[in-house]
Ligand code: FPP
């Protein structure tokens with residue numbers, strides 16, 4: 091996280107997503123196209139993720155959640171899985187100090203008990219050291235599966251009912267949300283790269299009202315220009331949350347258009 095970037099003039103700083111989630115897809119194809127091993131795509135992908143975090147911080151987007159490894163990704167060749175695990179560990183070792191200095195709060199979400207003890211140790215250290223930071227939340231989903239997360243949340247809630255701490259009538263959407271790894275902070279914008287248009291068991295509950303943006307770009311090519319385009323698309327949409335077109339959305343759109351004209 092070294093160079094600083096300014097928010098592009100045509101984006102309205104008041105209407106940015108507060109929380110962006112990314113499904114980083116296409117690393118393998120990016121590498122294939124260049125005659126490189128798949129791991130070269132993941133390595134480049136990690137650099138791109140770092141730059142995106144930089145953009146989020148500089149442009150005033152408070153949270154970034156990245157899908158780095160799903161519960162299904164264990165089915166990949168062992169050499170690729172091992173490489174990814176080492177990459178997560180290496181990134182934590184190399185980048186922790188700087189991210190901490192930049193005010194990044196790091197959180198890993200997923201079933202962390204399935205990871206190696208050395209990776210678990212690095213994760214615990216990073217989460218502990220950065221817990222008090224407030225500039226930007228950086229959530230990394232590793233060994234993550236959304237259905238599994240929902241089951242886990244329901245089990246925790248059921249335990250509270252069993253213990254008599256709450257009754258079944260207390261179980262609400264808000265209560266389930268609080269027991270998810272993301273604890274009530276739902277993304278406003280989901281980006282998936284590489285032309286695929288599915289959720290792949292990522293944040294199924296949290297994405298209920300999220301705007302989706304799909305691009306053909308492979309993840310290692312997803313630079314600040316691509317992110318800019320995703321945000322332009324986001325700002326051009328009416329977010330109604332089930333309501334009819336309301337005046338807030340319309341007013342926001344007019345403000346965005348005015349900002350674009352005067353830029
Ligand atoms: C999907 O592309 C990508 C992954 C399963 C790995 C994502 C991980 C990174 C970008 C590294 C992130 C690094 C840190 C440090 C958090 P794919 O391999 O499925 O690509 P393909 O569909 O083209 O084969």
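In the numbering used here, the protein residues as written are 91 to 353. We put the beta carbon where it would ideally sit given N, CA and C, even for glycine.
- Counting C-beta atoms within 10 angstroms of its own C-beta, residue 169 has fewer than 16 neighbours from the protein chains shown and is therefore classed as exposed.
- Measuring C-alpha to C-alpha distances from residue 268 to each of 277, 247, 312 and 236 identifies 247 as the nearest.
- A distance below 7 Å between beta-carbons, with the five flanking residues on each side excluded, links residue 302 to the following residues of its chain, in chain order: 280.
- DSSP places residue 155 inside the beta strand (DSSP E), whose first and last residues are 153-160.
- Residue 124: not part of any alpha helix (DSSP H); DSSP gives it neither H nor E.
- Residue 200 is positioned such that its CB atom lies closer than 9 Å to that of residue 235.
- Ranked by Cα distance from residue 157, the first of 185, 197 and 119 is 197.
- For residue 196, the enclosing beta strand (DSSP E) starts and ends at 194-199.
- Taken atom to atom, the span from the alpha-carbon of residue 121 to that of residue 309 is near 11 Å.
- Across the structure, residue 177 and residue 133 are spaced so that their CA atoms are roughly 8 Å apart.
- Note on geometry: alpha-carbon atoms of residue 144 and residue 95 lie some 8 Å from one another.
- Residue 324 and residue 107 have their C-alpha atoms roughly 8 Å apart.
- Going by beta carbons, residue 189 and residue 228 fall inside the 9 Å limit.
- The shortest CA-to-CA distance from residue 264 to any of 244, 253, 255 and 283 is the one to 244.
- Residue 292 counts as buried, since no fewer than 16 other beta carbons sit within 10 angstroms of its beta carbon.
- Sorting 290, 320 and 331 by C-alpha distance to the C-alpha of residue 101 places 320 at the top.
- Burial check for residue 193: the Cβ neighbour count within 10 Å stays below 16, so the residue is exposed.
- Counting along the chain, residue 109 sits inside the beta strand (DSSP E) bounded by residues 109-113.
- The C-beta distance from residue 283 to residue 312 rounds to 5 Å, short enough to fall under 8 Å.
- Counting C-beta atoms within 10 angstroms of its own C-beta, residue 211 has fewer than 16 neighbours from the protein chains shown and is therefore classed as exposed.
- A residue is called buried once 16 or more other Cβ atoms fall within 10 Å of its Cβ, and residue 331, having fewer, is exposed.
- Of the candidates 137, 223 and 202, the residue whose Cα lies closest to the Cα of residue 213 is 202.
- The three-state reading of DSSP puts residue 256 in coil, since its state is none of H, G, I, E or B.
- Collapsing the DSSP output to three states places residue 105 in a helix.
- Fully contained in the stretch 307-334 are the following alpha helix (DSSP H) runs of length 4 or more, in chain order: 314-325.
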